[in-house]
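Step one of this worksheet: look at the structure below.
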Ligand code: HSE
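Numbering (this note's numbering), first residue to last: 410 to 845.
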């Protein structure tokens, strides 16, 4: 074991920062045995103290840049969140020749290309395992464990708050707003909870997953994003009656025309393991040509689960420092000059199956009209369910289709909306079998 120490500066002592500080301190002995060198927190930047951490033996600065500029610090751990100050801080740390670890998904999704270019230039590590699915080592699994494979697709429950909401709605029939308030109280939700429920947080994470899976630049602006706020308890129940669960999935798939990148509520067959991932838990399925389907499951948020990923990155970087081997694993899994410009497909160009719920006048021939429109569009029907309701004026008709190009489905939906017997509001939820 090396006599020298690797010195860490932590910027931000909130939920993840305090967890990181405490795990590094508590497990220091075991961590040194793994790293081959002692790892020590020497400087913490925090606007206020955190009663969960004993920082009495560590330098503490209220000026966060003081950590980044501290010549003692080898590794800067950015845990403040946000994208403005965090970007400035990370770029300055890199310019100062320091390695960087971050849990900041928005920062990597939006500014990762710039940050990695700067890091490659300065030959420093930038690691971000905790940015996706918290404590689940999904980046490392794809980047290293699956590196033999051509990745075909991945699909993940990567936002715990929305999964918690969907689970409580299904299991307990609770209202959307009530469950969201509880998720905020428990500290799972983002500062702006629309990021959780409108799929933006999941889109940040999907951007990162797709880049390490396919070796493409980070392209957050190309992700199709739809959240869960329009879902009704009825749709959750109808899906269940047909043998499906509704999950907010982030999906990245390689198809001949390009890459699909989409976040939206999705029906999944209830027998899939991932359909049974409940509460705030996260899970990601990855399908590789050699390995087939794989599944990674665990806590996607929380103080020490997220710290588990941050500290693993610190250990990797410490090993690289000892061996003078920065950037041994390329940031985005593929060599920086080997990133591909394969196009990300617009949602119109995606092929998927659908759940449709139409509110129809209950009279002879309406269903025949609807099925004629689908048949003329070349859309094959998998199942139809008409739910009897007390008031027989408008009845819900649920249709599951086989996969079809979204553009074709949109044209068929426009024709259905034009029927006087069908309400304008047609609920459309995409459906994925995730079986190959
Ligand atoms: N708000 C996020 C979630 C936290 O609910 O999953 C972890 O990124």
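A virtual CB, placed ideally from N, CA and C, is assigned to each residue, including glycine. Bear in mind the structure is a predicted one, so any value in this text is a computation, not a measurement.
Check your understanding: Would you call the stretch 665-680 and the stretch 625-642 touching, i.e. three or more CB-CB distances under 8 Å?
Key -> As far as the Cβ criterion goes, the stretch 665-680 touches the stretch 625-642, which means the pair count is three or higher.
Review point. If we count the other Cβ atoms within 10 Å of its Cβ and call it buried at 16 or more, is residue 465 buried or exposed?
Key: The residue you call residue 465 lines up with position 56 of the chain shown. So residue 465 counts as exposed.
Practice item. Please work out which residues of its chain come closer than 8 Å, Cβ to Cβ, to residue 476, disregarding the five sequence neighbours upstream and downstream, and give them in chain order. Key: Here residue 476 refers to the residue found at position 67 when the chain shown is read from its first residue. Counting only Cβ-Cβ distances below 8 Å, and skipping sequence neighbours, we find 418, 419, 420, 452, 453, 454, 470, 482, 485.
Review point. Roughly how many angstroms separate the alpha carbons of residue 424 and residue 679, rounded to a whole number?
Key: Within the chain shown, the letter at position 15 stands for residue 424. Within the chain shown, the letter at position 270 stands for residue 679. About 34 Å.
Review point. Could you give the residue range of the alpha helix (DSSP H) that holds residue 594?
Key: As a position in the chain shown, residue 594 is number 185, starting the count at 1. Run containing residue 594: 585-594, per the alpha helix (DSSP H) assignment.
**Study point:** Bridge-paired residues (DSSP) for residue 704
**Key:** As a working mapping, residue 704 is identified with position 295 in the chain shown. According to DSSP, which records beta bridges pairwise, residue 704 is partnered with 694.
Check your understanding: With respect to the beta strand (DSSP E) encompassing residue 752, which residues constitute its N-terminal and C-terminal limits?
Key -> As a working note, residue 752 is residue 343 in the chain shown. Where residue 752 is concerned, there is no enclosing beta strand (DSSP E), given that its DSSP letter is neither H nor E.
Practice item. Please list, in chain order, all residues of the same chain as residue 793 whose beta carbon is under 6 Å from its beta carbon, the five residues on each side excluded. Key: Counted from its first residue, the chain shown places residue 793 at position 384. Residues of the same chain with a CB within less than 6 Å of the CB of residue 793, apart from the 5 flanking positions on each side, are 808 in chain order.
Review point. To the nearest whole angstrom, what separates the beta carbons of residue 615 and residue 677, a pair I think is in contact under 8 Å?
Key: Counting from 1 along the chain shown, the entry for residue 615 is found at position 206. Counting from 1 along the chain shown, the entry for residue 677 is found at position 268. Wrong, their Cβ atoms sit about 16 Å apart, outside the cutoff.
Review point. Can you tell me the Cα-Cα spacing of residue 716 and residue 461, whole angstroms?
Key: Residue mapping note: residue 716 aligns to position 307 of the chain shown, counting from 1. Residue mapping note: residue 461 aligns to position 52 of the chain shown, counting from 1. Here the alpha carbon of residue 716 sits roughly 14 Å from the alpha carbon of residue 461.
Practice item. Confirm the yes/no value for this check: CB of residue 706, any heavy atom of the ligand HSE, distance under 7 Å. Key: As a first step, residue 706 is located in the chain shown; it is residue number 297 there, counting from the start. No, since every heavy atom of the ligand HSE falls outside the 7 Å radius drawn around the Cβ of residue 706.
Practice item. Report the three-state DSSP secondary structure of residue 633 (helix, strand or coil). Key: Translated into positions along the chain shown, residue 633 becomes position 224. For residue 633, the three-state secondary structure derived from DSSP is strand.
Exercise for review: Classify residue 532 as helix, strand or coil using the three-state DSSP reduction.
Suggested key: As a working note, residue 532 is residue 123 in the chain shown. Per DSSP, reduced to three states, the secondary structure at residue 532 is coil, with no helix or strand assignment.
Check your understanding: Within 10 angstroms of its Cβ, does residue 740 collect 16 or more other Cβ (buried), or is it exposed?
Key -> For the purposes of this step, residue 740 is taken as residue 331 along the chain shown, with counting starting at 1. So residue 740 counts as buried.
Check your understanding: Which parts of the stretch 496-551 are runs of the alpha helix (DSSP H), unbroken and 4 residues or longer, counting only runs that do not cross its ends?
Key -> 514-531, all fully within the stretch 496-551.
**Study point:** 8 Å Cβ shell around residue 525 - same chain, five flanking residues per side excluded
**Key:** The count along the chain shown starts at 1 and reaches residue 525 at position 116. For residue 525, where only same-chain residues beyond five positions count, the Cβ hits under 8 Å are 535, 740, 741, 745.
Check your understanding: What is the C-beta distance between residue 649 and residue 579, in whole angstroms, given that I count them as a contact (C-beta under 8 Å)?
Key -> Within the chain shown, numbered from 1, the residue matching residue 649 stands at position 240. Within the chain shown, numbered from 1, the residue matching residue 579 stands at position 170. Right, the Cβ-Cβ distance comes to about 7 Å (below 8 Å), so this counts as a contact.
**Study point:** residue 706 and residue 719 closer than 8 Å at C-beta
**Key:** Taking the chain shown and counting its residues from 1, the one referred to as residue 706 is at position 297. Taking the chain shown and counting its residues from 1, the one referred to as residue 719 is at position 310. When the beta-carbon positions are compared, residue 706 and residue 719 stay at least 8 Å from each other.
Exercise for review: Go through its chain and collect everything with a Cβ distance to residue 492's Cβ below 6 Å, but skip five positions before and after it.
Suggested key: Taking the chain shown and counting its residues from 1, one reaches residue 492 at position 83. So the list reads 515, 516, 519, once near-sequence residues are dropped.
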